[in-house]
Amino acid sequence: MSIDFNKILIIGIIAVLLLGPQRLPMYAQKLAEFVKAVRRFADTAKDRMREEMGPEFDDVDWQKLDPRQYDPRRIIRDALLDSPSSTASGMAAVETAQVTASKVRATAPVVPLAAGEAAPFDAEAT
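Per this note's numbering, the sequence shown starts with residue 628, numbered consecutively.
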C-alpha cells in the first residue's frame with residue numbers, strides 16, 4: 628500500500644475542514660513533534676543495536692535479509708543450477724540409499740497379513 632500525492636492532498640483537505648484554520652497549526656506542530664520523536668527513537672535503537680552487536684553490525688548485509696527480496700523462483704533456479712560437484716555427491720548418496728534399500732527388500736520377504744492380524748511394530752525404529 629503506497630501513499631501518493633493525491634491521497635496526501637485529500638487527507639490535508641479533510642483535516643482543514645474538520646480542524647479549522649485556528650486549530651490546524653497546533654495539530655501540524657504536534658505531528659511534526661511526533662515524527663521527530665519517532666526518528667529519535669529509531670536512531671537510538673540503531674545506536675544501541677550497534678553498541679550491543681559490536682563491529683559485526685556493520686558487516687551484516689541488511690538488503691539480503693529483507694523479506695521483500697524473497698523470490699521462490701530464484702531460489703529454485705539457483706538450486707537447480709548449483710555446482711555439479713555438489714550434485715554429484717548428492718546423487719551418490721541417493722544411489723547408496725537405493726542400493727541399501729534394495730538389499731533390505733531382498734532379505735525380508737513380504738508376507739501378507741491375515742484378516743484381523745496386527746501389523747508388526749518395531750519399538751527401536753520409531
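Don't be surprised by glycine CBs; every beta carbon is placed ideally from N, CA and C.
> What residue range is occupied by the uninterrupted alpha helix (DSSP H) comprising Tyr654?
Replying inline: Mapped onto the sequence shown, residue 654 falls at position 27. Element bounds for Tyr654: 632-680.
>> Can you tell me whether Ala746 is helix, strand or coil according to DSSP?
In response: For the purposes of this step, residue 746 is taken as the residue at position 119 of the sequence shown. Coil at Ala746, not helix or strand.
> Helix, strand or coil: how does DSSP classify Asp688 here?
Replying inline: In the sequence shown, counting from the first residue as 1, residue 688 sits at position 61. The answer is coil: DSSP assigns Asp688 none of H, G, I, E or B.
> What is the DSSP secondary structure of Glu751, reduced to helix, strand or coil?
Replying inline: The count along the sequence shown starts at 1 and reaches residue 751 at position 124. Looking at Glu751 - three-state DSSP - the assignment turns out to be coil, as it is neither helix nor strand.
> What do you reckon, are the CB atoms on Leu644 and Tyr654 nearer than 8 Å?
Replying inline: If you number the sequence shown from 1, residue 644 lands on position 17. If you number the sequence shown from 1, residue 654 lands on position 27. Not a contact, by the Cβ cut-off of 8 Å.
> Between Ala642 and the rest of its own chain, which residues show a CB-CB distance below 8 Å, the 5 nearest in sequence each way excluded?
Replying inline: Here residue 642 corresponds to residue number 15 of the sequence shown, with the count starting at 1. Once the five neighbours on either side are set aside, the close Cβ partners of Ala642 are Leu651, Tyr654.
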